[in-house]
Amino acid sequence: MLRLGTSVPSDPARPVRRPPGPEGVPEGIARPGPRAAERSEAVNMAVLCEHVNLAAYTTLRLGGPARRFVEAATEDELVAAVRRADEDGENVLVLGGGSNLVVADEGFDGTVVHVAGRGVTRRTDPRHPGKVLVTAQAGEEWEPFVARCVTEGLAGVECLSGIPGLVGATPIQNVGAYGQDVAETVVGVRAYDRRAREIVTLDHAACGFTYRSSVFKGSDRYVVLDVTFALEETEESRPVAYAELARTLDVRTGERVPLHDARKAVLELRRGKGMVLDPADPDTRSAGSFFTNPVLDAAQLAELERRVADRLGPDAAFPRYPETGGRAKTSAAWLIDRAGFTKGHALGPVRISTKHTLALTNPDGAGRTADLLALARQVRDGVREAFGVELVNEPVMIGVRL
Ligand SMILES: Cc1cc2nc3c(=O)[nH]c(=O)nc-3n(C[C@H](O)[C@H](O)[C@H](O)COP(=O)(O)OP(=O)(O)OC[C@H]3O[C@@H](n4cnc5c(N)ncnc54)[C@H](O)[C@@H]3O)c2cc1C
Numbered sequence: 005m006l007r008l009g010t011s012v013p014s015d016p017a018r019p020v021r022r023p024p025g026p027e028g029v030p031e032g033i034a035r036p037g038p039r040a041a042e043r044s045e046a047v048n049m050a051v052l053c054e055h056v057n058l059a060a061y062t063t064l065r066l067g068g069p070a071r072r073f074v075e076a077a078t079e080d081e082l083v084a085a086v087r088r089a090d091e092d093g094e095n096v097l098v099l100g101g102g103s104n105l106v107v108a109d110e111g112f113d114g115t116v117v118h119v120a121g122r123g124v125t126r127r128t129d130p131r132h133p134g135k136v137l138v139t140a141q142a143g144e145e146w147e148p149f150v151a152r153c154v155t156e157g158l159a160g161v162e163c164l165s166g167i168p169g170l171v172g173a174t175p176i177q178n179v180g181a182y183g184q185d186v187a188e189t190v191v192g193v194r195a196y197d198r199r200a201r202e203i204v205t206l207d208h209a210a211c212g213f214t215y216r217s218s219v220f221k222g223s224d225r226y227v228v229l230d231v232t233f234a235l236e237e238t239e240e241s242r243p244v245a246y247a248e249l250a251r252t253l254d255v256r257t258g259e260r261v262p263l264h265d266a267r268k269a270v271l272e273l274r275r276g277k278g279m280v281l282d283p284a285d286p287d288t289r290s291a292g293s294f295f296t297n298p299v300l301d302a303a304q305l306a307e308l309e310r311r312v313a314d315r316l317g318p319d320a321a322f323p324r325y326p327e328t329g330g331r332a333k334t335s336a337a338w339l340i341d342r343a344g345f346t347k348g349h350a351l352g353p354v355r356i357s358t359k360h361t362l363a364l365t366n367p368d369g370a371g372r373t374a375d376l377l378a379l380a381r382q383v384r385d386g387v388r389e390a391f392g393v394e395l396v397n398e399p400v401m402i403g404v405r406l
């Protein structure tokens, strides 16, 4: 369960960075001169509602009411709303596009702060030669932002076309697809540090990006205010790194293609898998991939090899993508499918997408979070039983756990 209500991160498993104090600022985190957080104290919250149904704000169309709901249309309003809730000892949930959230049927007993500040600027900086630095406010929608970058001839995010949600959430789980992730281009994240109660800038290293994770994921310390990307000014894409995309584009991996072609091919591939939000397509009522691809060490790989041979025959091979230290990433979708949970598999009103094994969906909007979790547990337990691999959920759980 992620609770954002205290000013101290609540995840005991994660090492906690000491708050910047007079004795020193953590490496990679810069502090500004005037404190915008203090300036914002005079700002009134624009919209404050009570008992707002969160299902309307999630792509799964699931989740009960929020006790309080604040729409923060500017950075100052966002900081003021979070700061006020912290002072009141309220639980806080920072809400973007709701496309990576599973919210309890009971709702959220605290203040939901909906990020809505917009704006994009571009500049050059001698520290990033040959690059254009593009800064987007956290409330900018990601997909139109990517479209704009492609139109303006800026390469680096084109393979992330079609991903729902807001810019501010992209560093949280190091959003990625089709061989790109935001860690490749993010050079700075401005954030409100709830512990130090001030605005800080985290450079790339301080963001701690890893596969579908970062210093922000599982922590409630930072509220992302804006994100700066260093993009290449060119009409050509970054080298195509994903085999399926290369095949679609009829090129070899490592080749470049016109930016618009890369974007178009990614959108086509994603639509075919129900991975572009579309009100007419019930398969898109999901949170995207529900499970991350497991990264296994040598012993786990040997065990999986044995189980795959037992279950599927000696010639069967599972997908294996080498990582560092003898480890390898395998495909969660492959494991789920071979464990017997095929596309369209339903449990009551919820089901696996008919187009993509990794997406759990609430196709008619008739399900409850409890139904979705029952399906997720069935899949997770079935994969564990069949292959001894523990699947981990990708979406953030609010008030529930798998
Ligand atoms: C159809 C579909 C396809 C998808 N495809 C992909 C994909 O290809 N690759 C991928 O990586 N993801 C994918 N996703 C998941 C999701 O779109 C991304 O994780 C996205 O970045 C979430 O953005 P959001 O604004 O909706 O965040 P939300 O769901 O609103 O929030 C997610 C988490 O981020 C936190 N958060 C949000 N904004 C801020 C902020 N400003 N400051 C601090 N914390 C914040 C929230 O508190 C929460 O913990 C997909 C989802 C769907 C529904």
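End of the sequence shown sits at 406 in my numbering; the numbers just go up one at a time, nothing left out.
Note that CB positions come from ideal geometry on N, CA and C, so glycine has one too.
Small disclaimer: the values here were computed from a predicted structure and weren't measured.
{"Item": "Buried or exposed: P133, going by 16 or more other Cβ atoms within 10 Å of its Cβ?", "Value": "exposed"}
{"Item": "Relative to the alpha-carbon of P148, which residue among S290, G166, T139, N397 has its alpha-carbon at the smallest distance?", "Value": "G166"}
{"Item": "Between which two residues does the beta strand (DSSP E) harbouring I356 extend?", "Value": "354-356"}
{"Item": "Whole angstroms is fine: what's the gap from V280's alpha carbon to V136's?", "Value": "28 angstroms"}
{"Item": "What does DSSP give as the partner residue(s) for P69 in the beta ladder?", "Value": "N57"}
{"Item": "So, does the segment 187-197 touch the segment 303-313, judging by three or more C-beta pairs under 8 angstroms?", "Value": "no"}
{"Item": "Given a cut-off of 9 angstroms, decide if L300 and V393 are closer than it, judged by their beta-carbon atoms.", "Value": "yes"}
{"Item": "Mind reading off the beta-carbon distance from V270 to C163? Whole number of angstroms is fine, and I expect it under 8 angstroms.", "Value": "5 angstroms"}
{"Item": "Quick check: the segment 101-109 against the segment 369-376, are at least 3 beta-carbon pairs closer than 8 angstroms?", "Value": "yes"}
{"Item": "Verify the contact flag: P168, CB atom, against every heavy atom of ligand 1, threshold strictly below 8 angstroms.", "Value": "yes"}
{"Item": "For A363, collect the residues of the same chain with a Cβ closer than 6 angstroms to its Cβ; drop the 5 residues on either side in sequence, then sort them by chain order.", "Value": "S290, S357"}
{"Item": "Taking 8 angstroms as the cut-off, is the C-beta of F220 nearer than that to any heavy atom in ligand 1?", "Value": "yes"}
{"Item": "Buried or exposed: Q382, going by 16 or more other Cβ atoms within 10 Å of its Cβ?", "Value": "exposed"}
{"Item": "Give the range of the alpha helix (DSSP H) segment to which A313 is assigned.", "Value": "302-316"}
{"Item": "On the three-state DSSP scale, how would you describe V404?", "Value": "coil"}
{"Item": "Rounded to whole angstroms, what's the CA-CA distance from E240 to A370? Just pull it up for me.", "Value": "44 angstroms"}
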